[in-house]
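J.: Sharing a structure below in structure tokens format, with a few things to ask.
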Amino acid sequence: EQRPAEYGVGEDLVLVSNRQPYRHRYERDDGGDREEIAVDCPTGGLTAGLDPVMQRLDGTWVAWGDGDADFAVADEDDRVTVPPEDPEYTLQRVSLSESQVRGYYDGYANQALWPLCHTDTCRVRFEAEHWERYREVNERFADAVVDHAESGGTVWFQDYHFALAPRLVRAREPDAFLMQFYHIPWPAPDVFAICPQRSALLEGLLGNDLLGFHLPRYGARFMECVDEHLDGATVDWTGGEVHYDGGVTTVRAFPLGVDADEIRQHAEDDGVFWTRFRHAHGIDEDVTVALGVDRLDYTKGIPPRLEMLEHLFERRPDLRGEFTYVQKASETRERIPAYQELRAEVEDAVDRLNERYGTDDWQPVVYTTEMFDYPDLCSLYRHSDLGLVSPLRDGMNLVAKEYVAAQVEDDGVLLLSRLAGAYEELGEGAVELDPYDPVAGAEAIERALAMDEWERRSRMRALRHRVHDGDLAHWLDDVLETAGTVRETRREAP
Ligand code: G6P
12 EQRPAEYGVG EDLVLVSNRQ PYRHRYERDD GGDREEIAVD CPTGGLTAGL DPVMQRLDGT
72 WVAWGDGDAD FAVADEDDRV TVPPEDPEYT LQRVSLSESQ VRGYYDGYAN QALWPLCHTD
132 TCRVRFEAEH WERYREVNER FADAVVDHAE SGGTVWFQDY HFALAPRLVR AREPDAFLMQ
192 FYHIPWPAPD VFAICPQRSA LLEGLLGNDL LGFHLPRYGA RFMECVDEHL DGATVDWTGG
252 EVHYDGGVTT VRAFPLGVDA DEIRQHAEDD GVFWTRFRHA HGIDEDVTVA LGVDRLDYTK
312 GIPPRLEMLE HLFERRPDLR GEFTYVQKAS ETRERIPAYQ ELRAEVEDAV DRLNERYGTD
372 DWQPVVYTTE MFDYPDLCSL YRHSDLGLVS PLRDGMNLVA KEYVAAQVED DGVLLLSRLA
432 GAYEELGEGA VELDPYDPVA GAEAIERALA MDEWERRSRM RALRHRVHDG DLAHWLDDVL
492 ETAGTVRETR REAP
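Under UniProt numbering, read the sequence shown as residues 12 to 505, first letter to last.
So, in structure tokens, the structure goes:
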């Protein structure tokens, strides 16, 4: 295993993300003091993947200390060492006021940047108050970074929550190596044009030495936006670099992957979960199961997926009683009206389908918002005959990769939206879904159901190879190696 220091990014990395890797819960004792009662550990996802890296690097992770409404959490800026049982690195929490959370997280990050970057311009809301809080929170995070960064150290920002922090840190730590990975798409220049804060955002991101996106296309669009919307910047198209205000930002693509080995292991170890799940939801053993796993986000294309199923049951009455769609949904960003509306829309559509086609002993759609442990989720993936992933637009979509990694018998079929970043990597092995054409979607599901075993297995084997070759460890190697190289070149530059 390569030691991170060998990548040339140093031992004292400061990682910055909105979400924290560990969540401590506290209760007040009789004297009003805080008493720790539990720590939630990361399962799956990026925070889980970055945690071992931080453990090796012994650095600092700066994150929002988001709390649990039922418990007293960080009421001052908190610094703890984690993991709790064997402390390896510092977790520096930034606690935010209610108005900061509303403006920065519910507001600018998730009602301006999220829909803007997903090219959903009708949902975009730019409010002065949101922008103010977004700026303020980026400043708070920049302060926390500066407190922890060693001179000449590396800072790695994650995602769209921190578009301004890099330039703020750059101003105070000119020798630091700053990098950022942007986990969502970057929009075309004429979409980005609607944003009143467009030049401030570009300027902020150009505080980085290295800026990563999932796909080359997103990086290219970012550079087009710089070219069009930021005075004084020069784009070097062949080198993939932007020169601005005396600095250079290298723009690269690093398609994020999943921990394929861990998922395979969980899927192989599979215990009683699946049997219990089937029993609890009345799914007969011989019923064909299709699965969707999504945050309840309007970009995920859940309503069109349910519409595809409606067409399917209409065209194929013989599938009634034989085929069940399981929708595992997790609530997200619940205070935002668009998310509340989406949730109501999905629940109505599920009820409609179940009322219309369901029988006494069979339900066409099983809808659950239960939280599963990661091993149980892997078991659910493994036993589902079809994986349905139909985003209207998605930077990458890791559910598609998780589903593939869990197919230890090579016998599932992945149906994947052509508009997910993952489709560009996995394309051929998957069956294409068009979320904007639910009739074609129903036909695609029929095709998947009719696929012979040979074709299913050869497609899935090809997919598994790709997911394995582009797994999370490869992504980390790729990002950190590139960071090391870019850093070296900058040092050598006159
Ligand atoms: C996307 C973003 C992540 C974010 C996740 C969950 O994948 O790129 O940064 O953490 O959604 O959303 P939430 O708002 O709950 O953190």
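The C-beta atom is built at its ideal place from N, Cα and C for all residues, glycine as well.
With the cut-off set at 8 Å, would you say residue 218 and residue 181 are in Cβ contact?
T.: Yes, the Cβ-Cβ distance between residue 218 and residue 181 is below 8 Å.
J.: Sort 206, 197, 59 by Cα distance to residue 405 and report the nearest one.
T.: Residue 197 is the option with its Cα nearest to residue 405.
J.: Check whether the Cβ atoms of residue 32 and residue 102 sit closer than 8 Å, and answer yes or no.
T.: Yes, they are a contact pair.
J.: Within a Cβ cutoff of 8 Å, which residues of the same chain sit near residue 274, ignoring the five residues on either side of it in sequence?
T.: Contacts found: 389, 392, 413, 416, 417.
J.: Hey, out of 386, 352, 376, whose CA is closest to residue 282's CA?
T.: Nearest C-alpha to residue 282: 386.
J.: In angstroms, rounded to a whole number, what distance separates the CA positions of residue 160 and residue 461?
T.: When rounded, the distance between both Cα atoms is 57 Å.
J.: At 4 residues or longer, and completely inside the stretch 199-240: list those alpha helix (DSSP H) runs for me, N to C.
T.: The qualifying runs are 200-203, 209-216, 227-240.
J.: In this structure, does DSSP put residue 476 in helix, strand or coil?
T.: DSSP places residue 476 in helix when its eight states are reduced to three.
J.: Helix, strand or coil for residue 47, going by three-state DSSP, please let me know.
T.: Strand at residue 47.
J.: Any heavy atom of the ligand G6P closer than 7 Å to the Cβ of residue 30?
T.: True, at least one ligand heavy atom lies under 7 Å from that Cβ.
J.: Per the DSSP calculation, residue 516 is bridged to which residue(s)?
T.: No statement about residue 516 is possible, as the shown extent of the chain runs from 12 to 505 and does not include it.
J.: With a CB to CB cut of under 6 Å and the five nearest residues on each side skipped, what residues in its chain are close to residue 304?
T.: Cβ neighbours of residue 304 beyond the five flanking positions: 339, 410.
J.: Would you identify the three-state DSSP class for residue 428, choosing helix, strand or coil?
T.: DSSP places residue 428 in strand when its eight states are reduced to three.
J.: May I ask you to verify whether the stretch 356-369 touches the stretch 309-320, counting CB pairs closer than 8 Å and requiring at least 3?
T.: Touching, yes, given that three or more Cβ pairs across the two stretches are closer than 8 Å.
J.: Could you give the first and the last residue of the continuous beta strand (DSSP E) run that contains residue 368?
T.: No beta strand (DSSP E) holds residue 368; the alpha helix (DSSP H) holding it covers 348-368.
J.: Helix, strand or coil for residue 465 per DSSP?
T.: DSSP places residue 465 in helix when its eight states are reduced to three.
J.: Can you check DSSP and say which residues form a bridge with residue 258?
T.: Note: residue 258 sits in a beta bridge opposite 255.
J.: Excluding the five sequence neighbours on either side, which residues of its own chain have a C-beta within less than 6 Å of the C-beta of residue 85, listed in chain order?
T.: Confidence at residue 85 is low in this model, with a pLDDT of 48, below 50, so the placement of that residue should be treated as unreliable; the coordinate-derived value is given next. Closer than 6 Å at the Cβ level, and outside the excluded window around residue 85, lie 76, 104, 106.
J.: Is it right to say residue 495 is buried, meaning 16 or more other beta carbons lie within 10 angstroms of its own, or is it exposed?
T.: With 16 or more Cβ atoms within 10 Å of its Cβ, residue 495 is classed as buried.
J.: In the DSSP assignment, find the unbroken alpha helix (DSSP H) run with residue 141 in it and report its ends.
T.: Per DSSP, residue 141 belongs to the alpha helix (DSSP H) from 139-159.
J.: Report yes if the C-beta of residue 306 is less than 7 Å from at least one heavy atom of the ligand G6P; otherwise report no.
T.: Indeed, a heavy atom of the ligand G6P lies less than 7 Å from the Cβ.
J.: Tell me which residues share the same chain as residue 83 and place their Cβ nearer than 7 Å to its Cβ, disregarding the 5 neighbours each side in the sequence.
T.: At residue 83, the pLDDT of 45 sits below 50, so the modelled position is not reliable and the matter cannot be decided from this model.
J.: Among all the DSSP beta bridges, which residues are the ones paired with residue 190?
T.: Partner(s): 167, 221.
J.: In the DSSP assignment, find the beta strand (DSSP E) that holds residue 403 and state where it starts and stops.
T.: It is not in any beta strand (DSSP E) - residue 403 carries neither H nor E in the DSSP assignment.
J.: To the nearest whole angstrom, what separates the beta carbons of residue 472 and residue 396, a pair I think is in contact under 8 Å?
T.: Wrong, their Cβ atoms sit about 16 Å apart, outside the cutoff.
J.: Is residue 225 near the ligand G6P, judged by its Cβ being under 7 Å from some heavy atom?
T.: The answer is no for residue 225.
J.: Would you say residue 170 touches the ligand G6P, meaning its beta carbon is less than 7 Å from a heavy atom?
T.: Yes; taking the cut-off as 7 Å, the Cβ of residue 170 has a heavy atom of the ligand G6P nearer than that.
J.: Quick check: the Cα distance between residue 434 and residue 427, rounded to an integer number of angstroms?
T.: Their Cα atoms are separated by approximately 7 Å.
J.: May I ask you to report which of helix, strand or coil DSSP gives residue 272?
T.: Residue state, collapsed to three classes: helix.
J.: Consider the C-beta atom of residue 344 and the heavy atoms of the ligand ZN; say whether any pair is separated by less than 7 Å.
T.: Absence of the ligand ZN from the depicted structure is noted, with the ligand G6P being the only ligands included.
J.: Say yes only if the C-beta of residue 347 is nearer than 7 Å to one or more non-hydrogen atoms of the ligand G6P, and no if none qualify.
T.: Because no heavy atom of the ligand G6P lies under 7 Å away, the Cβ of residue 347 does not count as near it: no.
J.: Under 6 Å Cβ to Cβ from residue 89, same chain only, skipping five residues before and after it: list those, please.
T.: Here the set comprises 76, 104.
J.: Starting from the C-beta of residue 501, find all residues in its chain whose C-beta is less than 8 Å away, skip the five residues before and the five after it, and write them out in chain order.
T.: Result list for residue 501: 188, 220, 259, in chain order.
J.: With respect to the beta strand (DSSP E) encompassing residue 35, which residues constitute its N-terminal and C-terminal limits?
T.: From DSSP, the beta strand (DSSP E) with residue 35 extends over 34-39.
J.: In terms of residues, what are the limits of the beta strand (DSSP E) holding residue 74?
T.: That run of the beta strand (DSSP E) goes 71-75.
J.: Look up residue 125 in the DSSP assignment and give the residues it is bridged to.
T.: The partner list for residue 125 (beta bridge, DSSP) is empty, contrary to what the question assumes.
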